[in-house]
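A.B. asks:
Numbering (my numbering), first residue to last: 1 to 90.
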């Protein structure tokens, strides 16, 4: 992993936590919200940040700061397939 990738990963982690802090405690966000928050361009280039945003969410799950859900139920982010949501750990 390059230095630039590590910096992007940290920016995504901070974006996830910042977005969650700005919402109701029971709210969740989509990884795309974090991807869009760190993307510094026009168009849909933020899509390149989707998998890094999911990885950032997994690290935050490991640290106990967030949970990943599907259909409102907590899931393992390593095995979840399809759309996920991120919320504060409960």
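Ideal placement from N, C-alpha and C gives every residue a C-beta, glycine not left out.
Residues in the same chain with beta-carbon distance under 8 Å from residue 29, minus the five sequence neighbours each way, listed in chain order, please.
C.D. replies: The residues are 16, 19, 20, 23, 85, 86 and 87.
A.B. asks: Just the Cα atoms here: how many angstroms apart are residue 74 and residue 53?
C.D. replies: Their Cα atoms are separated by approximately 18 Å.
A.B. asks: What does the Cβ neighbour count give for residue 92, buried or exposed, with the cut at 16 atoms within 10 Å?
C.D. replies: Examination of residue 92 is not possible in this model, given that the chain is present from 1 through 90 alone.
A.B. asks: Return yes when the Cβ of residue 13 is within less than 8 Å of the Cβ of residue 59, no when it is not.
C.D. replies: Contact: yes.
A.B. asks: Go ahead and pull the three-state DSSP assignment for residue 67.
C.D. replies: Looking at residue 67 - three-state DSSP - the assignment turns out to be strand.
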